Amino acid sequence: MKTATKTTVKKVIKPAATAFQTGNYSLVPPKEIIVDEKKNPREDYGNVEELMLSIVENGIRNPLKGYLKEGKVILREGFRRMRAVKLALEQGKLIERVPMILEDRPMSEEERTLEFLINNDGKPFTMLEQSEVIKRLLNFEWKAIDIVKKTGKARGYIENLILLTRVPMKVQNYIKDGKISAHAVIQIMQAVKGDAEVAGKEIEAAIQTAKESGKEKATPKHIATKQVKSQSFGKFYKWTEEIADLLAGKKETIQSRQEVLDKLLISFENGQSPKQVAETYFTDKSKILAKPAAPKAAPVKKSGKK
């Protein structure tokens with residue numbers, strides 16, 4: 038393992054006045070940051086243009102993360118933010134420097150890979166993207182129990198991600214294209230005990246069933262396998278989608294609830310914690326931010342006695 042160089046950013050970037058550094062916090066010109074997309078597990082970048090407009094207006098709130106290697110600044114985390122910065126520059130926007138936290142100690146590639154699972158402060162990774170990180174850790178000869186201990190995630194969740202690493206590229210593309218949910222694929226893989234050929238047929242059938250029922254994306258609700266229908270994931274999807282179906286086509290006041298239910302399915306599939314979901318969809322932030330005015334003290338009545 039190569040030891041990271043201790044060269045400071047001021048030595049890396051010329052002239053030195055173009056960069057600012059205090060401790061491991063730096064302001065670095067975007068053109069000086071090396072972006073290796075092969076290191077990035079993200080497939081779904083979401084609305085990059087919307088993020089770009091926010092960055093142009095408000096700056097980057099969460100600093101990028103990087104490290105020094107052979108005198109160069111390498112991006113470790115913040116690929117989506119960096120893509121938005123590049124888009125802004127291509128459109129003629131002025132972004133002279135971006136905030137970055139540099140590693141305060143040399144890290145191994147294994148540690149940097151693990152960081153994608155435990156310290157991602159950007160857009161949450163999908164289950165498929167997380168499974169790519171798991172695959173890299175497995176290639177480092179990590180075991181499931183090692184990943185559980187290091188990430189703090191439930192063993193069942195990690196084992197589900199490991200299952201996703203074993204599906205054919207064709208199935209991965211189905212998930213990326215939104216034809217079937219990652220949870221549906223996991224449920225099928227569990228039901229057929231990892232038999233890729235049988236799983237492929239079940240997946241194709243589920244996608245067809247969803248299409249026939251007017252749905253663009255197959256979920257456990259659309260799987261014919263009895264083992265899947267009886268499992269909690271399948272029941273959850275069926276229950277939630279039935280609620281959404283009942284709300285569909287009604288008044289606009291109810292439409293927002295249907296949208297929340299749709300987002301719940303996505304959040305559930307992406308492995309977001311109950312706390313994240315509660316804060317995002319069920320917390321009235323206006324009430325939290327607005328402190329109630331202190332009650333006025335009742336006027337003291339004077340008795341007139343001395």
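Just so it is clear: in the sequence shown, position 263 is 300 by my numbering, and no numbers are missing.
In this text, a Cβ means the ideal position worked out from N, Cα and C, and glycines have one as well.
Predicted, not measured: the structure shown is a model, and the values here were computed from it.
Count the other CB atoms, across all protein chains shown, that sit within 10 Å of the CB of residue i; report buried if there are 16 or more and exposed otherwise.
| i | result |
| --- | --- |
| Asn77 | buried |
| Arg142 | exposed |
| Met206 | exposed |
| Pro311 | exposed |
| Leu151 | buried |
| Ala125 | buried |
| Phe177 | exposed |
| Asn197 | buried |
| Leu131 | exposed |
| Lys288 | The predicted model places Lys288 with a pLDDT of 48, which falls under 50 and marks its position as unreliable, so this point remains unresolved. |
| Ile97 | buried |
Measuring alpha carbon to alpha carbon, tell me which residue in the options is nearest residue i.
| i | options | result |
| --- | --- | --- |
| Pro136 | Glu114, Ile155 and Ser145 | Glu114 |
| Glu87 | Pro66, Arg120 and Met164 | Arg120 |
| Gln251 | Val110, Lys216, Glu127 and Leu64 | This sequence places Gly at residue 251; Gln is not what is there. Gly251 has its Cα closest to that of Lys216, out of Val110, Lys216, Glu127 and Leu64. |
| Ala233 | Tyr211, Arg203, Glu94 and Asn95 | Arg203 |
| Val72 | Glu196, Pro100, Asn84 and Lys123 | Lys123 |
| Met144 | Gln227, Phe116 and Gly103 | Gly103 |
| Pro257 | Arg98, Ile225 and Glu148 | Ile225 |
| Asp158 | Asn99, Val93, Pro66 and Asn61 | Asn99 |
| Glu80 | Gln227, Arg134 and Ile212 | Ile212 |
| Arg173 | Glu146, Tyr194, Phe162 and Lys190 | Glu146 |
| Lys263 | Gln227, Phe153, Glu253 and Glu249 | Gln227 |
| Tyr194 | Val85, Glu148, Gly231 and Ala219 | Ala219 |
| Gln209 | Thr163, Lys248 and Glu253 | Thr163 |
Counting along the chain, where does the beta strand (DSSP E) carrying residue i start and finish?
| i | result |
| --- | --- |
| Tyr82 | First-last for Tyr82: undefined, no H or E at that position. |
| Ile138 | Val135 to Leu139 |
| Gly103 | Leu101 to Lys106 |
| Val65 | Tyr62 to Val65 |
Cutting at 8 Å between CB atoms, please list the residues of its own chain near residue i, excluding the five before and the five after it.
| i | result |
| --- | --- |
| Ile199 | Ser168, Ile171, Leu175 and Ala181 |
| Ala261 | Glu239, Ala242, Ala243 and Thr246 |
| Arg192 | Ala181, Ile182 and Val185 |
Would you please state the rounded distance, in angstroms, between the beta carbons of residue i and residue j? I believe it to be under 8 Å.
| i | j | result |
| --- | --- | --- |
| Thr188 | Ile223 | Contact flag wrong, Cβ pair sits at about 18 Å. |
| Ala236 | Val229 | 5 Å |
| Leu165 | Leu112 | In fact, because the Cβ distance is near 22 Å, the residues do not count as touching under 8 Å. |
| Val110 | Ile70 | 5 Å |
| Lys349 | Gly83 | No answer is possible for residue 349: it lies beyond the span of the chain, which begins at 38 and ends at 343. |
| Arg117 | Val65 | Rounded, the Cβ-Cβ distance is 17 Å, inconsistent with contact. |
Excluding sequence positions up to five away, which residues of its chain have a Cβ less than 6 Å from the Cβ of residue i?
| i | result |
| --- | --- |
| Ile244 | Lys216, Ile217 and Ala255 |
| Thr246 | His259 |
| Met89 | Ala121, Leu124 and Ala125 |
| Ser91 | none |
I need the boundaries of the alpha helix (DSSP H) containing residue i, first residue and last residue.
| i | result |
| --- | --- |
| Arg120 | Phe116 to Glu127 |
| Ile260 | That residue, Ile260, is in no alpha helix (DSSP H); it is neither H nor E in DSSP. |
| Ser250 | First-last for Ser250: undefined, no H or E at that position. |
| Leu200 | Arg192 to Thr202 |
| Ile212 | Met206 to Lys213 |
| Lys178 | Note that residue 178 corresponds to Glu in the displayed sequence, not to Lys. Run containing Glu178: none; DSSP gives neither H nor E here. |
| Val222 | Ala219 to Ala228 |
| Asp256 | In the sequence as presented, Asp is not what sits at residue 256; that position holds Thr. Segment: none, Thr256 is in no alpha helix (DSSP H) and carries neither H nor E. |
| Thr150 | Glu146 to Ile155 |
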